[in-house]
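Chains as they are written, first to last, in my numbering: chain A, 4 to 236; chain B, 1011 to 1241. Here is the structure we will look at, set down as C-alpha cells.
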Amino acid sequence: MKNLFKKELNSYLNNPLGYIIIVLFGIFANLFFVKDIFIINSASLQPFFSLLPWFLLIFIPAVAMRSFAEEKRNNTLEILLTLPYSETQIVLSKFLSILTVLFLALLLTFSLPISLLFLTKIYIPEVIVGYLGALFLGASFASLSIFFSTKTKNQVVAFLSSLLCLFFLLVLGSDFLASFLPKIFQDFFSYFSPSYHFQNFMKGVLDIRSVFYFFSLTILFLFLTVLELEKRD
Amino acid sequence: MIIFSSVSKVFGQKKAVDSISFKTKEGEIIGFLGPNGAGKTTTMRLILGYLKPTTGKVSVGDFDPIDNRIEVLKQVGYLPENNPLYLEMKVDEYLNFIACAKNEKNWQNLVESVGLNEVLNKKIEELSRGFKQRVGLTAALFGNPKYLILDEPTSGLDPIEQEKIRDLIKKLAKKKTIIFSTHILSEVEDVANRLIIIYQGKIIYDGKKPKEKGGVEKLFKLKIKAYEKSL
C-alpha cells in the first residue's frame, strides 16, 4: 500500500502540471481573499472559507481526472490490476495521494491566517476547524472525482462530469435554488449539499452530523469506485 | 498447475472463449497459437483473474483467481499484450515499484542478467521497443513466479530482438510453467514443448509440437481446415 501511495504521489509531484495546479490554487485563493478583506473590513477567514468550495470545485476534479482515466487510456490499469494488490488498496492509494496534494495546496493558504495574526486577533480554533472542514470537503470531492475517472478513458470527460456533478451538489444548498422551492424541499435538498455542511465548519462549529455527512459521501464514492474496478468486463 | 474446466467468456453477444479445458504441468512451455481475436488474450486474463469466466472454473495452484486473486497474482508473472508501461517513469523507478509489489529483494541481479543495467537511469519512453520489452519481461519475473504468462512477447520486435527474447524465455523455462501466446508459427516451433491452437474461442488442438521443420504451420492449417469443415 505504501509502495502504491508513493507511486501515485510521485505521479503528481514528478509532473510540472501537478505543481502548476497547486501553485495556481494558492495564488487564486490568496488573491481573492486579499481582494475582499479590505472591502469587508473584518479580520476573519470566513470570506476565504466561503469561496473555498468553489475553488475546490475546479481544483479537485483537475487533480483527480487522471487517476483512472489515464491508466485506462495507456492500458496501465492492467499492470495495476495484475499486481498482488486489492482493488481497495489501489483506490485508497489514489485517494490518499490526492488528499496529500490538497493538503500541500492548503498549506499555501496558511499565509492568510498567519498574516491576519500579525494584524489583529483571530480565534485560532475557528481557523483549525475551518481547515479541517476543507479537508473533509476535499476528501468527498476527491472520492466523487475518482469515481468519475473510472467511467472514461478521457481525462477531459472525467473532469467535466465530476465538475458538473459537484456543481449541482453545491448549488443544492444555495439561496438561489432555495428561492424557487417550497420550504420543505429547501431543507431536504440543502441537507444533501456539501456547502450546507461546510458552513458549520466555516463558523468554527465541529458538528458531528456534518462530519458524518462528509464521511458517508467519501466512503460511498470510494466504495462505488472499488465496485467499478471489480467489474472489469 | 493451471486448470481450465469448460471455461467460457462472453462479451455481449460474442463468445470470446467457448468451453475450453486444459491442464498444465510444471516445466512446460506452452505455445498458445491462434489468429488475432481467437481468444488468446482473454484466456490469459482469465488465468490472472483480470476477467471473470461467464461459465466454468479456472484454478491456479490451489486457488481460484476470482476468489483468491491476490494469492494467484503472487504466483504468476504477466507480460500483457503490447506491454503497457508507465512511460514517464525511469526504468529503475518502475522496476523498484514492481519489485516492492511482488516482494522481490534481489532485483538488481535479475536486471543485470537481462541486460538492463545500461538503461536503468533512462525514462521508459526514451527506450527502444526491444528494451521496453525487456523491462516488461523483467517485471514479470519478479517474485520468482511459478507461472509465466506472456501475451505476444515478441510482437513488434525486429528479428534480432525476437531471437533474444526467445532465448530468454528458454533460459527461464527451468521449473516454471510458461504460457506464451503468439501468432508467429516459427516462434512456437522454436520455443514451445506443447502446443495449444485456439480458433474462434475453441481449442482445436492440444498436444505435442510437431518435430519436423514447418510442422507447426502444416498442423495449424490442417486443424483450422478440419474445424471449419466440421461447422
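Virtual Cβ for every residue (Gly too), placed ideally from N, Cα, C.
Starting from residue 1029(B), follow the beta strand (DSSP E) in both directions and report where the run begins and ends.
Following the DSSP letters along the chain, one finds residue 1029(B) inside the beta strand (DSSP E) bounded by residues 1024 to 1033.
Within 10 Å of its beta-carbon, does residue 67(A) have 16 or more other beta-carbons around it, so buried, or fewer, so exposed?
Classification of residue 67(A): buried, given that the 10 Å Cβ count is 16 or more.
Closer than 8 angstroms, CB to CB, is residue 86(A) near chain B or not?
With respect to chain B, the C-beta atom of residue 86(A) has a partner C-beta closer than 8 angstroms.
Residue(s) in a DSSP beta bridge with residue 1192(B):
The beta-bridge partner set that DSSP reports for residue 1192(B) consists of 1043(B).
Check whether chain A comes within 8 angstroms of residue 1083(B), counting only Cβ atoms and requiring the distance to be less than that.
Taking a beta-carbon distance threshold of 8 angstroms, residue 1083(B) counts as an interface residue toward chain A.
Could you tell me the distance, in whole angstroms, from the CA atom of residue 217(A) to the CA atom of residue 15(A)?
Each residue's alpha carbon lies about 25 angstroms from the other.
Return the chain-ordered list of same chain residues with a C-beta closer than 8 angstroms to the C-beta of residue 1020(B), the five sequence neighbours on each side being excluded.
Non-local beta-carbon contacts of residue 1020(B) in its own chain, meaning distances under 8 angstroms to residues more than five positions away in sequence, involve 1026 and 1064 in chain order.
Can you tell which of 1043(B), 1037(B) and 1177(B) has the C-alpha that lies nearest to the C-alpha of residue 1205(B)?
Measuring from the Cα of residue 1205(B), the nearest candidate turns out to be 1043(B).
Taking 8 angstroms as the threshold (C-beta atoms), are residue 109(A) and residue 197(A) in contact?
Not in contact: residue 197(A) and residue 109(A) (Cβ atoms no closer than 8 angstroms).
Below 9 angstroms between beta carbons is the criterion; list the residues of the segment 8 to 30 of chain A that meet it against any residue of chain B, in chain order.
So the list reads 9, 10, 13, 14, 17 and 18, given in the order they occur along the chain.
Closer than 7 angstroms by beta-carbon distance: list the chain B residues that pair up with residue 2(A), in chain order.
Lying before the first or after the last residue shown, residue 2(A) is absent from chain A, which here runs from 4 to 236.
Euclidean distance between Cα positions of residue 1062(B) and residue 1144(B)
The C-alpha of residue 1062(B) lies about 29 angstroms from the C-alpha of residue 1144(B).
Bounding residues of the beta strand (DSSP E) (the contiguous stretch that carries residue 79(A)):
In the DSSP assignment, residue 79(A) falls outside any beta strand (DSSP E) and carries neither an H nor an E.
Cα-Cα separation between residue 1231(B) and residue 1106(B), rounded to whole angstroms
Cα to Cα, the separation comes out at about 44 angstroms.
In the structure shown, what three-state DSSP assignment does residue 1157(B) receive?
For residue 1157(B), the three-state secondary structure derived from DSSP is strand.
Residue 1111(B) at chain A interface by Cβ criterion, 8 angstroms:
By this cut-off, residue 1111(B) is an interface position.
Classification of residue 1079(B) by the beta-carbon crowding that lies within 10 angstroms, buried from 16 upward:
With 16 or more neighbouring CB atoms inside 10 Å of its own CB, residue 1079(B) falls in the buried class.
Let me check one thing: in DSSP terms, what residues is residue 1015(B) bridge-paired to?
According to DSSP, which records beta bridges pairwise, residue 1015(B) is partnered with 1067(B).
Tell me, to the nearest whole angstrom, how far the beta carbon of residue 1147(B) is from that of residue 1178(B); I am working on the premise that it is less than 8 angstroms.
The C-beta distance from residue 1147(B) to residue 1178(B) rounds to 7 angstroms, short enough to fall under 8 angstroms.
For a contact meaning CB atoms closer than 9 angstroms, what does residue 1090(B) contact in chain A?
Within chain A, the C-beta atoms nearer than 9 angstroms to that of residue 1090(B) come from 78, 81, 82 and 85, in chain order.
Complete runs of the alpha helix (DSSP H) confined to the segment 173 to 235 of chain A [at least 4 residues]
List check, alpha helix (DSSP H) in window: 178 to 181, 186 to 194, 197 to 205 and 211 to 234.
Just the C-alpha distance for residue 1041(B) and residue 1093(B), rounded to the nearest angstrom, thanks.
About 18 angstroms.
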